[in-house]
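S.K.:
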């Protein structure tokens, strides 16, 4: 009895301390305003920084971390008292209020591997990746029963081991009262709470070498449910406790441990970036700069560690920006996602391009051909461990809805698994009809796939279709198909070797001279919150990377590189624009499409790398729209369609003019040492040739082609030259067949 009184007195004292902390008039009233904001947002959870409590009452903060259950209960009661003084009616609406903790936890900031028995009963902060989420289910908190015989109403409160109360109530649900009269449950007056269990696994880069990552089960209640999904990187603060085994049975002395969360914080990149007014102004100035070609500058800054592949980088930029999706009145959906397939010899940086997209795209999911099955890409029907019910598990493409799926080793997939993604790539959804479940899931994602040819290396003596070895039905779903060859060209080999050697000579400025790298590197570092430090969002956004001779080469050789953070924010804003086709652009697309379909252009099956179908017409529209988005334009103009035709021509006919390419490069090398791009021009109208002769300088003998892309790329170097991409009058209508193919 004496101990109960002591405990009660300690509880009241703790509650009084917490009320003093929350009712902080003399200390700027931070938490009073937070409580008012919580009431205004109609929430029941207040986030408290443990550093503030440490500054005000150090002993109470230490007790809160070490004996979590009693202290959190007192803290929540104190919060209810403070809310009652601010708004009494709001305090009555909610059964209880909750406290979420953040800040610096010191030795209690752990990973699932270091959760040991000494932390039981303490507040801990755990970081990891969510691997599994259960369904959200209601759990009864208070049931109300009515007895028709005695006309009385009774209520019963339920607690279990996941609640803060010390002892769980019995699990028997009352059906009769003391006098054996039957009871009716009043479901409308009963109170329930949401309940979900998630599994958080140690981050793979933080697991020791050669050991499997460990995991911990976490219980989420009330407003925390559904705050995370599988694949998210999270930081969870909560109390760590053990659950005893079966009641009444024998136990081996080992217990199952769980963590009861009080605060969940996302650490993923997928959280949409925050924009300040300064960021928006910089983005607006960048897209309006007339001295540069915005699209070329952005494409040049994609994966700067990879040399060449200019057209592929432009296509990937178009894919990140995307077209405009249209849903017609009759329910037909015209997709706006752009799909790209890279096929080529080993060691041409296909996988590196995929890895860069993973870091740049707002949402990107990586998979490999052998490591993923058809149901792993779309959706699978599994059995829920808790209830035994059948349920759907989302695959990679469903998780990447409105994002990008990067599939490496695409050719290693089995045919059955490849056919599973046919519907996703065109319709943007997954239809499941298995085991009594009929569901339709959204999977509106772009696909970026990399594959090797059938024979390991590209065989020059076979047609592209024989080398690729994929079905036409799948190839036509890819908007662009690039064949990347590892050719023996002394000039290009010298450039690549120069580029790669520069990369290997680069050293991190923070690396000590002559010092050995720490064992495990920076593996053990866990993210911590510094309340006084500035967050990443408040740092000034840099438009261009700081120039480094080793990373970027000499200044005169290449343009400036746009920083990755600026690129991510620029793409985020540009994706929201929905440009519309102008009549001039629509006519040009129709002409080019009919030209692609004509036998004159194709010559024979050898000429093309993929079938020209009606989907090619949609490809031209999507690429034009993406280029308009890069310019932040609300209309798709002739300029945009020219670039789209360039990309399609290069993707379809690169193989045709492979031999002439080298000859034209030798002609151009003497005039420009700084820009080396392959060019092949077929004769066009004489009048246009004379009109452009003055602008071409030393290349005046070459006729002008509207598909020539290298001319625009030299614009940033000459400061006084008028912008070429913003003047549509330079493009005339031309009814002759023009073919221009450039190599990367």
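Residue numbers (the working numbering): 4 to 747.
Ideal placement from N, C-alpha and C gives every residue a C-beta, glycine not left out.
Within 10 angstroms of its Cβ, does residue 425 collect 16 or more other Cβ (buried), or is it exposed?
M.R.: Mapped onto the chain shown, residue 425 falls at position 422. With fewer than 16 Cβ atoms within 10 Å of its Cβ, residue 425 is classed as exposed.
S.K.: Taking buried to mean at least 16 other C-beta atoms within 10 Å of its own C-beta, is residue 462 buried or exposed?
M.R.: Numbered from 1 along the chain shown, position 459 holds the residue referred to as residue 462. Classification of residue 462: exposed, given that the 10 Å Cβ count is below 16.
S.K.: Where do the N-terminal and C-terminal ends of the beta strand (DSSP E) with residue 195 fall, by residue?
M.R.: Along the chain shown, one-based indexing puts residue 195 at 192. From DSSP, the beta strand (DSSP E) with residue 195 extends over 194 to 204.
S.K.: Assuming residue 209 and residue 114 form a contact by the criterion Cβ under 8 Å, report the distance between their Cβ atoms to the nearest whole angstrom.
M.R.: Looking up residue 209 in the chain shown gives position 206. Looking up residue 114 in the chain shown gives position 111. Confirmed, Cβ separation roughly 6 Å.
S.K.: With DSSP collapsed to three states, give me the class of residue 77.
M.R.: Here the question's residue 77 lines up with position 74 in the chain shown. Correct three-state label for residue 77: helix.
S.K.: Roughly how many angstroms separate the alpha carbons of residue 353 and residue 86, rounded to a whole number?
M.R.: Stepping through the chain shown from its first residue, residue 353 is reached at position 350. Stepping through the chain shown from its first residue, residue 86 is reached at position 83. Near 58 Å, if we compare the C-alpha coordinates of residue 86 and residue 353.
S.K.: Are the beta-carbon atoms belonging to residue 331 and residue 267 less than 8 Å from one another?
M.R.: Here residue 331 refers to the residue found at position 328 of the chain shown. Here residue 267 refers to the residue found at position 264 of the chain shown. Cβ atoms of residue 331 and residue 267: not closer than 8 Å.
S.K.: Taking the alpha carbon of residue 576 as the point to measure from, which residue in 283, 291, 42 and 152 has its own alpha carbon closest?
M.R.: Walking along the chain shown from the start, residue 576 turns up at place 573. Closest by alpha carbon: 283.
S.K.: Going by DSSP, what residue range makes up the alpha helix (DSSP H) through residue 653?
M.R.: For the purposes of this step, residue 653 is taken as the residue at position 650 of the chain shown. Segment 641 to 656, the alpha helix (DSSP H) holding residue 653.
S.K.: Under the rule that 16 or more other beta-carbon atoms within 10 Å means buried, what is residue 595, buried or exposed?
M.R.: As a position in the chain shown, residue 595 is number 592, starting the count at 1. Buried.
S.K.: Taking C-beta to C-beta, are residue 77 and residue 14 nearer than 8 Å?
M.R.: Translated into the one-based positions of the chain shown, residue 77 becomes position 74. Translated into the one-based positions of the chain shown, residue 14 becomes position 11. Going by C-beta atoms, residue 77 is nearer than 8 Å to residue 14.
S.K.: What is the rounded straight-line gap between the Cα of residue 261 and the Cα of residue 120?
M.R.: Residue mapping note: residue 261 aligns to position 258 of the chain shown, counting from 1. Residue mapping note: residue 120 aligns to position 117 of the chain shown, counting from 1. C-alpha separation (whole angstroms): 12 Å.
S.K.: Report yes if the CB atom of residue 384 is closer than 8 Å to the CB atom of residue 337, and no otherwise.
M.R.: Counted from its first residue, the chain shown places residue 384 at position 381. Counted from its first residue, the chain shown places residue 337 at position 334. Not a contact, by the Cβ cut-off of 8 Å.
S.K.: Buried or exposed for residue 447, please, with buried defined as at least 16 other CB atoms from any protein chain shown within 10 angstroms of its CB.
M.R.: As a working note, residue 447 is residue 444 in the chain shown. The residue in question, residue 447, is buried, as its Cβ has 16 or more Cβ neighbours within 10 Å.
S.K.: For residue 475 versus residue 341, is the C-beta distance shorter than 8 Å?
M.R.: In the chain shown, residue 475 corresponds to position 472, counting from 1. In the chain shown, residue 341 corresponds to position 338, counting from 1. No.
S.K.: Does residue 242 pass the burial test, meaning 16 or more other C-beta atoms within 10 Å, or should it be called exposed?
M.R.: Counting from 1 along the chain shown, the entry for residue 242 is found at position 239. It is buried - the Cβ of residue 242 has at least 16 other Cβ atoms within 10 Å.
S.K.: Between residue 636 and residue 580, what straight-line distance do the alpha-carbon atoms span, to the nearest angstrom?
M.R.: Within the chain shown, numbered from 1, the residue matching residue 636 stands at position 633. Within the chain shown, numbered from 1, the residue matching residue 580 stands at position 577. Taking the straight line joining both Cα atoms gives about 8 Å.
S.K.: Could you check if residue 138 is buried or exposed, using at least 16 other CB atoms within 10 Å of its CB as the buried criterion?
M.R.: Position 135 of the chain shown, counted from the start, is the residue given in the question as residue 138. Exposed, because fewer than 16 other Cβ atoms sit within 10 Å of the Cβ of residue 138.
S.K.: Comparing alpha-carbon positions, which option in 68, 503, 159 and 459 lies nearest residue 3?
M.R.: The question about residue 3 has no answer here: the residues shown for the chain are numbered 4 through 747.
S.K.: What number of angstroms, rounded off, separates the C-alpha of residue 496 from the C-alpha of residue 231?
M.R.: Within the chain shown, the letter at position 493 stands for residue 496. Within the chain shown, the letter at position 228 stands for residue 231. In a straight line, the C-alpha of residue 496 is about 48 Å away from that of residue 231.
S.K.: Hey, residue 367 and residue 407 are a contact pair by Cβ (cut 8 Å); roughly how many whole angstroms apart?
M.R.: Mapped onto the chain shown, residue 367 falls at position 364. Mapped onto the chain shown, residue 407 falls at position 404. About 5 Å separates the two Cβ atoms, so the contact holds.
S.K.: Roughly how many whole angstroms lie between the Cα atoms of residue 458 and residue 615?
M.R.: Residue mapping note: residue 458 aligns to position 455 of the chain shown, counting from 1. Residue mapping note: residue 615 aligns to position 612 of the chain shown, counting from 1. So the two alpha carbons sit approximately 24 Å from each other.
S.K.: Cα-Cα, which of 642, 566 and 599 is closest to residue 585?
M.R.: Taking the first residue of the chain shown as position 1, residue 585 is located at position 582. The candidate whose alpha carbon is nearest that of residue 585 is 642.
S.K.: Would you list the residues sitting across from residue 101 in a DSSP beta bridge?
M.R.: The residue labelled residue 101 in the question sits at position 98 within the chain shown. BP columns for residue 101 point to 48.
S.K.: Which runs of the beta strand (DSSP E) fall wholly inside the region 325 to 408 and span at least 3 residues, in chain order?
M.R.: Counting whole runs of 3 or more residues, the region 325 to 408 contains the beta strand (DSSP E) stretches 343 to 347, 367 to 371, 382 to 386 and 393 to 397.
S.K.: Just to confirm my understanding: we take residue 620, look at its own chain, exclude 5 residues before and 5 after, and list those with CB closer than 6 Å. What are they?
M.R.: In the chain shown, the residue the question calls residue 620 occupies position 617. Around residue 620: 596.
S.K.: In the DSSP output, which residue or residues are listed as bridge partners for residue 218?
M.R.: Residue numbering aside, residue 218 sits at position 215 when the chain shown is read from its first letter. In DSSP, residue 218 forms a bridge with 204.
S.K.: Quick one: any contact between the region 103 to 117 and the region 45 to 60, if contact means 3 or more CB pairs under 8 Å?
M.R.: Taking 8 Å as the limit for Cβ pairs, the verdict is that the region 45 to 60 does touch the region 103 to 117.
S.K.: Over what stretch of residues does the alpha helix (DSSP H) that includes residue 289 continue unbroken?
M.R.: As a first step, residue 289 is located in the chain shown; it is residue number 286 there, counting from the start. Segment 280 to 291, the alpha helix (DSSP H) holding residue 289.
S.K.: In whole angstroms, give me the CA-to-CA distance for residue 416 and residue 370.
M.R.: Position 413 of the chain shown, counted from the first residue, corresponds to residue 416. Position 367 of the chain shown, counted from the first residue, corresponds to residue 370. Those two C-alpha atoms are separated by around 11 Å.
S.K.: One question on the structure: do residue 480 and residue 412 come within less than 8 Å of each other, judged by their Cβ atoms?
M.R.: In the chain shown, residue 480 corresponds to position 477, counting from 1. In the chain shown, residue 412 corresponds to position 409, counting from 1. No, the Cβ-Cβ distance between residue 480 and residue 412 is not below 8 Å.
S.K.: Across the region 206 to 220 and the region 90 to 98, are there enough close Cβ pairs to call them in contact, namely three or more that are closer than 8 Å?
M.R.: The region 206 to 220 is not in contact with the region 90 to 98.
S.K.: Per the DSSP calculation, residue 132 is bridged to which residue(s)?
M.R.: Translated into positions along the chain shown, residue 132 becomes position 129. According to DSSP, which records beta bridges pairwise, residue 132 is partnered with 204 and 236.
S.K.: Check each candidate in 318, 68, 135 and 157 and name the one with the smallest Cα separation from residue 124.
M.R.: Looking up residue 124 in the chain shown gives position 121. The candidate whose alpha carbon is nearest that of residue 124 is 68.
S.K.: Looking at C-alpha atoms only, which residue of 233, 363, 287 and 61 is the closest neighbour of residue 319?
M.R.: Position 316 of the chain shown holds residue 319. Checking every option, the nearest Cα to that of residue 319 belongs to 363.
S.K.: So, helix, strand or coil for residue 1, using DSSP?
M.R.: Since the first residue of the chain shown is 4 and the last is 747, residue 1 is not available in this structure.
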